[in-house]
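**Student:** Following this message is one structure expressed as structure tokens.
Right, here's the structure in full:
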């Protein structure tokens, strides 16, 4: 009887120890991974970061754990080398919220990391992420600016409309073309007006037409048939390439409910 | 209008040929359309973008069916120049310059997976018809963007899932769709697993290769030979591929969707293996049918590659490249009747594309089919990455109430590339 009782006590102790030890082991692995992040470079074994990968997946449904993880990741951004920052942005693209936007936004004008900053921000379903990209627009240059414009288009940021309209006149044709595409993606009556008023240079006529068609589709989808029809009628004219006229004609049929 | 131009040019060629007595080879017979091949004036002019092994093979099939190649493009200088030389066309380093040509009717997009959407969309925007190798696109959002562009410009768009032009797969799906195996309960396929993260170190970029352009919309990483060269499994890295799940799944799940009658739609639940009750990645459809996907890949367990098995309440049909087997065996001899459902019939995927370009109709693996099929692949990957069951709305194309999963429907493209 005493022997059985001792056995039971022993087993219970082991179970309690495991209940304490497993999370401690997991915490240690996570700390070790964050430590490895400080010097993580391409060519190194990604297994050193696995504990973070696993923690991100496991944090689904656990608000406190997720918040803690997000804070740690955002905090690790500053000290990490490029590959480490790349990794952090990928993780924040999965779990990032308004809380990590300031840390990521700082990379939007970084030549090497602007894309990964957008990689994170484009996926964060919060207004703060869009605002950060909107605020970065005047600061970004060249192709980084194109990238920010593209992301604002993906997010259909109506608040960027004024800035994007001004960029239609940019001397950099990639920027002007991106601005047109973003306006098309926003697809509002105001965007349609801006695109309609744009006298696109010859090399951007096709980009302008495509942006207008994209805009028209959004307007049609929103029930704004008359606005869509105006665009389609302007693109059905003989000065447009055949495939654009075909697209415009199909659009007109759609506005007529056919 | 185009036909009258062709007739006029054809007549001129014929009259010119008739006037020549001393030099019978001035006008070649192929120029006038001998041996069943279209006359030069009726040939569809094409360009190959992505001059790797698959691209060269498929463009050969298109040429055999009457296309004329006038241009090539690749980030490897030697590849694009070799194709240009082979077909007496012009080589381009940048696909945008190629697509700006007015004399190109259609393109074959045989680039790596991460480039499919951008190039296909730009081709549509430039008024070209497209044959795009599978998988159609790198993300769910990209597949929808490609579909939208193709429809906007009313382009003929063939996805390179050539099993849709294989009579065995069609017959198998017709048996299923016409109820010959009873109510379909399940399907099995074994495309393989998801892509891996690449951790290769940097190497010097070789001369004649544009690494920045190879990366395109994918995140920047240092060049390494094995990041982008098959059989270094360039298609198996997470930033440029969905792994075998998309590379082979684009074929396997496409046939399952066809057999299930789910083109344009998809499953409603995706369940990754849990090491306990769920042994395989499982997709559940609204009608109760399930698709079980093995991660072993084609050929594992001695099973034939591209195997799809449909099981129903009254029987079973297994189909693969080169074979079909039914249970009961007599199902293999069924003749699908005139009043029964007949699926799209094509016996030559490249020929079908060119026929549809001429006739302006949707081909065997139309872009909408490619989009819904590749979406099943992406759903599988997302379930594996998140390691939990997911619900999917195939109409709204979203994961209802699941922010984490919905984030993975897209990824930001590296500048200057975009979808719209």
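Chains as they are written, first to last, in the numbering used here: chain A, 183 to 440; chain B, 5 to 424. Ideal placement from N, C-alpha and C gives every residue a C-beta, glycine not left out.
(1) Does any residue of chain B have a CB that is nearer than 9 Å to the CB of residue 296(A)?
(2) Would the beta-carbon of residue 247(B) fall within 9 Å of that of residue 385(B)?
(3) Taking only beta-carbon atoms, is residue 316(A) less than 9 Å away from chain B?
(4) Below 9 Å between beta carbons: does that hold for residue 215(B) and residue 227(B)?
(5) Can you pull the chain B residues whose beta carbon is under 8 Å from the beta carbon of residue 224(A), in chain order?
(6) On the three-state DSSP scale, how would you describe residue 299(B)?
(7) Excluding five sequence neighbours on each side, which residues of the same chain lie with their C-beta closer than 6 Å to the C-beta of residue 287(A)?
(8) Report the start-end ranges of each alpha helix (DSSP H) in the region 352-386 of chain B that is 4 residues or longer and not cut off at the edges.
(9) Starting from residue 193(B), follow the beta strand (DSSP E) in both directions and report where the run begins and ends.
(10) Should residue 118(B) go down as buried or exposed, given a rule of 16 or more other Cβ atoms within 10 Å for buried?
(11) Go to residue 274(B), then tell me how far its alpha helix (DSSP H) extends in each direction, as first and last residue.
(12) Taking C-beta pairs closer than 8 Å, name the residues in chain A that residue 408(B) reaches, listed in chain order.
(13) Short of 8 Å Cβ to Cβ, which residues in the region 376-401 of chain B face chain A?
(14) Taking contact to mean 3 or more Cβ pairs, one atom from each stretch, closer than 8 Å, check whether the region 192-209 of chain B and the region 298-318 of chain B are in contact.
(15) How long is the line joining the alpha carbons of residue 308(B) and residue 329(B), rounded to whole angstroms?
(16) For residue 129(B), would you say it is in contact with chain A, using Cβ-to-Cβ distances shorter than 9 Å as the test?
(17) Using beta carbons (cut-off 9 Å, strictly below), is residue 388(A) in contact with chain B?
(18) Leaving aside the five residues before and after residue 367(B) along the sequence, list all residues of the same chain whose C-beta is less than 7 Å from its C-beta, in chain order.
(19) In chain A, which residues lie with their C-beta within 8 Å of the C-beta of residue 158(B)?
(20) Check for me: the beta strand (DSSP E) holding residue 320(B) runs from which residue to which?
(21) Report yes if the CB atom of residue 52(B) is closer than 9 Å to the CB atom of residue 112(B), and no otherwise.
(22) Would residue 176(B) and residue 146(B) be called neighbours here (beta carbons separated by less than 9 Å)?
(23) I want to see whether chain A comes within less than 9 Å of residue 238(B), judged by CB atoms only; does it?
(24) Residue 93(B) bridges to which residues according to DSSP?
(25) Kindly indicate which three-state DSSP category residue 115(B) falls into: helix, strand or coil?
(26) Would you report the Cα separation of residue 264(B) and residue 258(B), rounded to the nearest angstrom?
(27) Where do the N-terminal and C-terminal ends of the alpha helix (DSSP H) with residue 389(A) fall, by residue?
**Tutor:** To lay it out plainly:
(1) yes
(2) yes
(3) no
(4) Their beta carbons are under 9 Å apart, which means residue 215(B) touches residue 227(B) by this criterion.
(5) 203, 204, 205, 206, 225 and 226
(6) coil
(7) 314
(8) 353-363
(9) From DSSP, the beta strand (DSSP E) with residue 193(B) extends over 188-193.
(10) buried
(11) Note, residue 274(B): premise wrong, no alpha helix (DSSP H); beta strand (DSSP E) at 273-275.
(12) 242, 276 and 277
(13) The region 376-401 of chain B vs chain A, Cβ under 8 Å: 389, 390, 391 and 392.
(14) yes
(15) 12 Å
(16) yes
(17) Against chain B, the CB of residue 388(A) has a partner CB under 9 Å away; the residue lies at that interface.
(18) So the list reads 160, 162, 356, 357 and 360, once near-sequence residues are dropped.
(19) The answer, in chain order, is 425, 428, 429 and 432.
(20) Per DSSP, residue 320(B) belongs to the beta strand (DSSP E) from 320-324.
(21) Judged by their CB atoms, residue 52(B) and residue 112(B) are nearer to each other than the 9 Å cut-off.
(22) no
(23) With a pLDDT of only 44 at residue 238(B), under 50, the local geometry of the prediction cannot be trusted, and no value is derived from it.
(24) According to DSSP, residue 93(B) bridges with nothing at all.
(25) coil
(26) 10 Å
(27) 387-403
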